[in-house]
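This report refers to the structure that appears directly beneath it.
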Amino acid sequence: MERELTCIVCPMGCRITVKMRNGKVEGVSGNTCPRGERYAIDECTDPKRTLTTTMRCENGEVIPVKTDRAIPKDKMFECMKIINSSVVSPPVLIGDVIIENVFGANIVATKNVMQKEK
Amino acid sequence: MYDVSVIGGGVIGGLTARKLARYKLKICVIEKENDVAMGASKANSAIVHAGFDAAPLTLKAKLNVKGSEMMERIASELGVKYRRNGSLVVAFDDKDRDTVTELYERGIKNGVRELRIIERGEVLSLEPNISDDVVCALYAPTGAIVCPYELTVAAIGNAMDNGAKLYTNFEVSDINKTGEGYEIISSNGDVIKSAYVVNAAGINADSIAAMAGCDDINIRPRRGEYILLDKADGGVVSHTIFQTPSDMGKGILVTPTVDGNLLLGPTAEDTDDKTDKRTTPNGLSKVLDRARKTTDRIDPKHTITSFCGLRAVGNTGDFIIKSNGTGFINAAGIESPGLSAAPAIAEYIVELLKNDGLELEEKSDFNPVREPTHAFREASAEAKNKIIAEKSEYGRIICRCEGISEGEIRAAIRQNPPARDLDAVKRRTRAQMGRCQGGFCMPYITGIIAEELGIPYEEVTKSGKGSEINIGKTKEI
Amino acid sequence: MRDLVIIGGGPAGMSAAAAARRRGIRDILILERDGRLGGILNQCIHNGFGLHKFSEELTGPEYAWKYEEQVKELNIDCMLNTMVLDIDENKLITATNSERGLFTVKAKAIILAMGCRERPRGALNIAGTRPAGVYSAGTAQKFLNIHGYMPGKEVVILGSGDIGLIMARRMTLEGAKVKAVCEIMPYSGGLARNIEQCLNDFGIPLMLRHTVVEIHGEKRVEGVTIAKVDKSMRPIESTRQFIKCDTLLLSVGLIPENELSEKAGVELSAVTGGAVVDQDRQTSVDGIFACGNVLHVHDLVDFVSDEAEIAGNSAAEYIKGKKNDVISVKLTTDGKIRYTVPQTVTAKKDMTVYFRVSDVYRNVRINVRNGDKVVLSKKKQRVAPGEMENITLKSDMLDNAAELRLELEEM
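As they're listed, the protein sequences go chains A, B and C.
Heads up: the first sequence begins at 4 in this note's numbering, then just goes up one per residue.
Heads up: the second sequence begins at 225 in this note's numbering, then just goes up one per residue.
Heads up: the third sequence begins at 333 in this note's numbering, then just goes up one per residue.
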């Protein structure tokens, strides 16, 4: 069986063809870098996504956050629920871990919030 | 108990309230929307007609010529932009030439000054971008342009500054005659008592009249779609250019606005739906096609916005301005040239009130002057810096396209009549009215309104309840 | 008098400032209208930035921070909350802020880095009512990501530009239902990866050759009517369908913000909407440079940074007194290639020429022609209007050339 994918690793958006047999990847073609191959294999066996969103601060503002690595694609909404039910208190620096180990990733801040704004 | 209540916060209601505010009277303006100038007063051609259109001896003719003569002074007192740019009715063939001649003769009878017919050469010297097909034109140097919603806001603001009260979101659902006058009842059950009532309710003037027992007025809305083009196109023509009129109106015009944009329109389409302010693909393309007949220098890609207004067409062919004999004055059927005639209509209404027994005693402290809302925008750099030194928020520009400062936006929310939604801020300051249509500044203005009114950010509306910009906080929905 | 004034503190402005500083210009001032540096990146909280410049995948705020740090470390002056109102041909800048009021600054060189704005509803002349709930995608993005408010919960998106696609995902993650993305063209204006990860991941339909013909609802959007369009982009009556929604987001194009450039007398390109520039990103006005989305709309911020470095370096050389104008070569295109940046060449050196095509093409050659002679030819598997391409010219290709023409050859 063959699967056609659009690579999402970088903006080039390569069209990748993956040959599958019995749920296993037998060959990847069309990619132009090793990251593409990695993506294609993951996408066919264990699809993952980096989640970026915002989180409420104690002062009512929002701060942008992300998963520091890709999490299983089908866990995105569950991950959103966990983030949405949490509150962070500034100061926060880029890269600070705000929630540990959510579906194998940490939720980290992607913006500096030095003090309580407003 | 009010002496006079004016139903309808449009240009007629506004100028009537302002006229009344110079007397020792307790007056109020009643408006069903969240802001004033929400009906035909914000969606019309923004023209002060010279007065050659209406049939001689009609109220339309009399009040148009008179109102047009009064407008310049009123605009200057109220700090409203007004420009006597002159108007042209252009003819494309012999049939049009006949119409132009007819209009000329009518204008002379109506008492319009300086009117004359000019041939192609002179048309071209006045308007170099005019179509090759124009053969001659009726030239009316007394024609002018004004910003109709600015005029309305300023008139009501000036009335309020002189003691009038404004009720918004007060939708009149019933009117009772009492021994002392009238009870005006809102759909929420609120009651305003008033000795005299002026019905200036625009397209709803017939139903308001009926509540007071006047069943002979009937208003049929006539849709008019418009297209407003970028300021880059404001100089395509300098005069207001009409095509010859038909029985459905004065035809599609092309005119600069006082703020420097170019306005095209309107269409004319009768409807029975008093809420139908949709623009339609047909209507908009008709506006473009017809406007291009006047000049080919029109680029629809430069559209800032398009909109539709409902003219209040009455059942007599003339303005219907009369008393019921017991202190209830109807001002209905105020279609074109209603804006031009408005100052004279206001005077006429006050005369009718007087005839019904209203005592008019001048106040000694009436101040006819209102600080222009665009004063800061147009001040010299030096004058601006004086203001900024005192009020630093005038130094921070919020609307980049129109160059509007935080100070001007806050002032619009604090001034009479207070702006309480995004569209109201737009009409008063021009913030969000430029090329990006608020794309950049809307989130900031939303914050300023929330702060000034002391309401949560998510409760800020575009144009009153039900038009909230956001539906709530993220994470909480 | 300042050596270098940069209008705009977004990715282009910051990168240009850092480059000029490193080339030895000490006296630099960035004028930024917002309360912080970073420009639009602050609200682009999604990832996908920085692979080219930093070999890591960053979010917008993280990418911006990399440059904010440089601006701080290099001690570059910034005035925030400061709006530039005017620039004249003598490089006299008029600006305003709440501390200083209106003031003027004269600059030896200016870099224009004002970015772009979104095309609003008016420009499309969509018929219907004018209720709350119609926003450009970037405005909605700001409400959501900066202010923390939800603009709506049942969404139709018109236009498949990248911001629209990103917002489809973002609104979905925050609990909204995105019912459709309508695109009037037969192809998307956004990056293929964004179709995949923003629409396909969430089962959001991309309706090509469709547009919104009418907006419904008096106070708030209650729905939109969409329709398929024919080859000449006219809606087909029989395909009209109503979609119930409370929000319509517009992602129908970006327009370089060149009102200031025009005031300064800078010649603009009708195709890009930005200035006509040479390889140094110098405009038609001596000493005024332009870079980033104010010059032409980019799909990748990494290339904005690259371009801004060129402008920053060139402005530095200009301030130091270096003159170009050794040669004059025009870069022209065949229409299939819509435009190039730069459009002119005034110095003999190697350079990367950026360009966009006007349609989706597969298996093509990009040829650079000097008269009858093809001096460079490069194969491309697929090119699309939504994806900026580039080709590198070697200095010897400029020999004996008055014009180099970029052509797209279909194979």
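Note that beta-carbon positions come from the ideal geometry of N, C-alpha and C, so glycine has one too.
This structure is a prediction, so every number in the text was calculated from the model and none was measured.
Inset, instruction - Determine, using beta-carbon pairs with one atom in the region 318–328 of chain B and one in the region 460–469 of chain B, whether at least three such pairs fall under 8 Å. - result: Yes, since at least three Cβ pairs between the region 318–328 of chain B and the region 460–469 of chain B fall closer than 8 Å, the two stretches touch.
Legend entry - Neighbourhood of B/E632 by C-beta, 6 Å cutoff - its chain only, sequence neighbours within 5 removed: By 1-based counting over the second sequence, the position of residue 632 of chain B is 408. The answer, listed in chain order, is F600, T653.
Inset, instruction - Give the residues from the region 93–120 of chain A that approach chain C closer than 8 Å (Cβ to any Cβ), ordered along the chain. - result: I97, T113, K114, N115
Legend entry - Under 7 Å (Cβ pairs) to chain C, residues found in the region 11–34 of chain A: Close to chain C, meaning a Cβ-Cβ distance shorter than 7 Å, are the following residues of the region 11–34 of chain A: I11, C13, P14, G16.
Inset, instruction - Figure out for me which residue from B/P352, B/R624, B/S431, B/E700 has the closest Cα to the Cα of C/A427. - result: Residue mapping note: residue 427 of chain C aligns to position 95 of the third sequence, counting from 1. Of the listed residues, the one whose Cα sits closest to C/A427 is B/R624.
Legend entry - Contact between the region 391–406 of chain B and the region 508–523 of chain B (3+ Cβ pairs under 8 Å): no
Inset, instruction - Step through the CB atoms of chain A and report whether any lies within less than 8 Å of the CB of C/I527. - result: Stepping through the third sequence from its first residue, residue 527 of chain C is reached at position 195. At least one chain A Cβ lies under 8 Å of C/I527.
Inset, instruction - Let me know the beta strand (DSSP E) ranges lying completely inside the region 554–640 of chain C, each 3 residues or longer, listed in chain order. - result: 555–560, 573–576, 579–582, 586–588, 620–622
Inset, instruction - State the start and end residues of the unbroken alpha helix (DSSP H) segment that holds B/G663. - result: Along the second sequence, read from residue 1 onward, the residue named residue 663 of chain B stands at position 439. Unbroken run through B/G663: none, as it is neither H nor E.
Legend entry - Own chain residues within Cβ distance below 6 Å of C/I527, not counting five before or after: Here residue 527 of chain C corresponds to residue number 195 of the third sequence, with the count starting at 1. By the criterion of a C-beta distance shorter than 6 Å, C/I527 is surrounded in its chain by S520, once the five residues flanking it on both sides are discounted.
Legend entry - Start and end residues, beta strand (DSSP E) containing B/L312: The residue you call residue 312 of chain B lines up with position 88 of the second sequence. From DSSP, the beta strand (DSSP E) with B/L312 extends over 311–315.
Inset, instruction - Please list, in chain order, all residues of the same chain as C/A512 whose beta carbon is under 6 Å from its beta carbon, the five residues on each side excluded. - result: The residue labelled residue 512 of chain C in the question sits at position 180 within the third sequence. Result list for C/A512: V488, P537, M539, in chain order.
Legend entry - Under 8 Å (Cβ pairs) to chain F, residues found in the region 249–266 of chain B: Reference to chain F is not applicable here, since the protein chains of this structure are A, B and C.
Legend entry - the region 479–504 of chain C: positions lying closer than 7 Å to chain B by Cβ: H479, G480, Y481, M482, P483, G484, K485
Inset, instruction - List the endpoints of the continuous beta strand (DSSP E) containing A/M58. - result: Translated into the one-based positions of the first sequence, residue 58 of chain A becomes position 55. First-last of the beta strand (DSSP E) with A/M58: 55–60.
Inset, instruction - At 9 Å on the CB atoms, spell out the chain B contacts of A/T57, in chain order. - result: The sequence position of residue 57 of chain A within the first sequence is 54, counting from 1. In chain order: T698, K699.
Inset, instruction - Report the rounded CA-to-CA distance for B/A635 versus A/P14, giving the unit in angstroms. - result: As a position in the second sequence, residue 635 of chain B is number 411, starting the count at 1. As a position in the first sequence, residue 14 of chain A is number 11, starting the count at 1. So the alpha carbons of these two residues sit roughly 47 Å apart.
Inset, instruction - Verify the CB distance criterion: does C/P276 have a CB-CB separation below 8 Å to chain A? - result: Here chain C has residues from 333 to 743 only, and residue 276 of chain C is not among them.
Inset, instruction - Could you pull the start and end residues of the alpha helix (DSSP H) that C/I362 belongs to? - result: Along the third sequence, read from residue 1 onward, the residue named residue 362 of chain C stands at position 30. Per DSSP, C/I362 belongs to no alpha helix (DSSP H); it is in the beta strand (DSSP E), 360–363.
Legend entry - Where B/N694 sits in the DSSP three-state scheme: As a first step, residue 694 of chain B must be located in the second sequence, where it is residue number 470. It is coil, neither helix nor strand.
Legend entry - Cβ contact check for the region 230–250 of chain B and the region 417–433 of chain B: 3 or more pairs under 8 Å: yes
Inset, instruction - Starting from the C-beta of C/L531, find all residues in its chain whose C-beta is less than 7 Å away, skip the five residues before and the five after it, and write them out in chain order. - result: Locating residue 531 of chain C in the third sequence gives position 199, where the first residue counts as 1. Excluding sequence neighbours, C/L531 sits near L497, A500, V513, L538.
Legend entry - Candidates C/F386, C/G342, C/E405, C/E364, of which the one nearest C/R358 by Cα: Here residue 358 of chain C is taken as the residue at index 26 of the third sequence, counted from 1. Nearest of C/F386, C/G342, C/E405, C/E364 to C/R358, Cα basis: C/E405.
Inset, instruction - Using a Cβ cut-off of 7 Å, pull out every chain B residue sitting near A/V65, in sequence order please. - result: As a working mapping, residue 65 of chain A is identified with position 62 in the first sequence. Within 7 Å Cβ-Cβ: T698.
Legend entry - Cβ neighbours of B/P567 in the same chain (closer than 7 Å, five flanking residues each side left out): For this step, residue 567 of chain B is matched to residue 343 along the second sequence. The answer, listed in chain order, is L239, G291, M294, M295, I298.
Inset, instruction - Could you tell me whether the region 598–607 of chain C touches the region 624–632 of chain C, where touching means 3 or more Cβ pairs closer than 8 Å? - result: yes
Inset, instruction - Whole angstroms is fine: what's the gap from B/G331's alpha carbon to B/I558's? - result: On the second sequence, position 107 is the one that residue 331 of chain B refers to. On the second sequence, position 334 is the one that residue 558 of chain B refers to. If I take the Cα positions, the gap works out to 20 Å.
Inset, instruction - Determine the closest residue to B/P641 out of B/G234, B/D414, B/A267, with distance taken between C-alpha atoms. - result: Taking the second sequence and counting its residues from 1, the one referred to as residue 641 of chain B is at position 417. Nearest option by C-alpha distance: B/G234.
Inset, instruction - Taking B/C360 as the query, report the chain C residues whose CB atoms sit under 7 Å from its CB, ordered along the chain. - result: Sequence index remark: in the second sequence, residue 360 of chain B carries index 136 (1-based). In chain order: nothing, as chain C lies at least about 33 Å away.
Legend entry - Within 8 Å, strictly: CB atoms of B/I342 and B/A361: Here residue 342 of chain B refers to the residue found at position 118 of the second sequence. Here residue 361 of chain B refers to the residue found at position 137 of the second sequence. Yes; because the gap between Cβ atoms is below 8 Å, this pair is in contact.
Legend entry - Distance, B/A655 Cα to C/K712 Cα: Within the third sequence, numbered from 1, the residue matching residue 712 of chain C stands at position 380. Within the second sequence, numbered from 1, the residue matching residue 655 of chain B stands at position 431. C-alpha separation (whole angstroms): 46 Å.
Legend entry - Cβ-based neighbour list, C/C448, same chain, cut-off 7 Å, excluding 5 preceding and 5 following: Walking along the third sequence from the start, residue 448 of chain C turns up at place 116. If we look at C/C448 and ignore the five residues flanking it on each side, its Cβ neighbours are L586, I587, P588, E589, N625, V626, V629.
Inset, instruction - For A/K76, return the contacting residues in chain C, with the cut-off set at a CB-CB distance below 8 Å. - result: Residue mapping note: residue 76 of chain A aligns to position 73 of the first sequence, counting from 1. D533, listed in chain order.
Inset, instruction - Label C/V696 either buried or exposed according to how many other C-beta atoms from any shown protein chain fall within 10 Å of its C-beta, with 16 as the threshold for buried. - result: The count along the third sequence starts at 1 and reaches residue 696 of chain C at position 364. Around the Cβ of C/V696, a 10 Å sphere holds 16 or more other Cβ atoms; the residue is buried.
Legend entry - When C/N374, C/A455, C/G340 are compared against B/H526, the one with the closest alpha-carbon: As a first step, residue 526 of chain B must be located in the second sequence, where it is residue number 302. It is C/A455.
Inset, instruction - Taking only beta-carbon positions, decide if A/T48 is within less than 8 Å of chain C. - result: By one-based count along the first sequence, residue 48 of chain A stands at place 45. No, no contact with chain C.
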